[in-house]
Each structure stands twice: as C-alpha cells, then as structure tokens.
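Heads up, the sequence shown is in our numbering, so the first residue is 9 and it goes up one at a time.
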Amino acid sequence: YYPRVHGNYTAPTGPFTATTYDLAYHVTRYDIGLTLKPSMYSPIFVDAGYLGDRSKGANNAPATISRSGPFVGLGITF
C-alpha cells in the first residue's frame, strides 16, 4: 500500500547539540469483507470483514508494528 514511509527524527546528543536520523517503514494494509442487503430495493445494508496493517522497519525503525481485527457495521443508503 505504502512502499516506504519515512521522515526525520532529531535526538538530543548534548545540552546544545542534536543528531538527525532518517526513520522509515514499509507499510502493507489490507481490508477483506462483504456487504449484505436483505433485498435489492432495501436501503439498509450490513458491512463485515477483517482489516489491518503491518509496518516493517526499513531504516532506524525501533520495532515492527502490526494491527488487525474484525469489523461489523450497519448502514443506510440514500
């Protein structure tokens, strides 16, 4: 999804000095699910699935981050 997300981090190294580091992650996002309607003419629908993301350290990253979980929602179309 995002091949490389990066930015700069400035860390103090003394009372009046600092060092800047490049911090980068490789990010993958996923979303799998389905939408159900009781009939073709009904404005109500149910949305359900599983989604998440994983950020793997690419440059000076402290740890790999992974978040995921199921979701369910009820909606109305206009």
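Ideal placement from N, C-alpha and C gives every residue a C-beta, glycine not left out. Just so we're clear, the structure is a prediction, and the values are computed from it rather than from any experiment.
A straight line joining the alpha-carbon of Lys-45 with that of Asp-55 spans about 9 Å. In the displayed model, Ser-47 falls within coil according to three-state DSSP, outside both helix and strand. DSSP, read as helix, strand or coil, puts Ala-56 in strand. Only residues of its own chain outside the window of five on either side were considered, and among them Phe-53 and Asp-55 have a CB closer than 6 Å to the CB of Thr-43, listed in chain order.
Sixteen is the threshold: when 16 or more other Cβ atoms of the shown chains lie within 10 Å of the Cβ of Tyr-33, as they do, the residue is buried.
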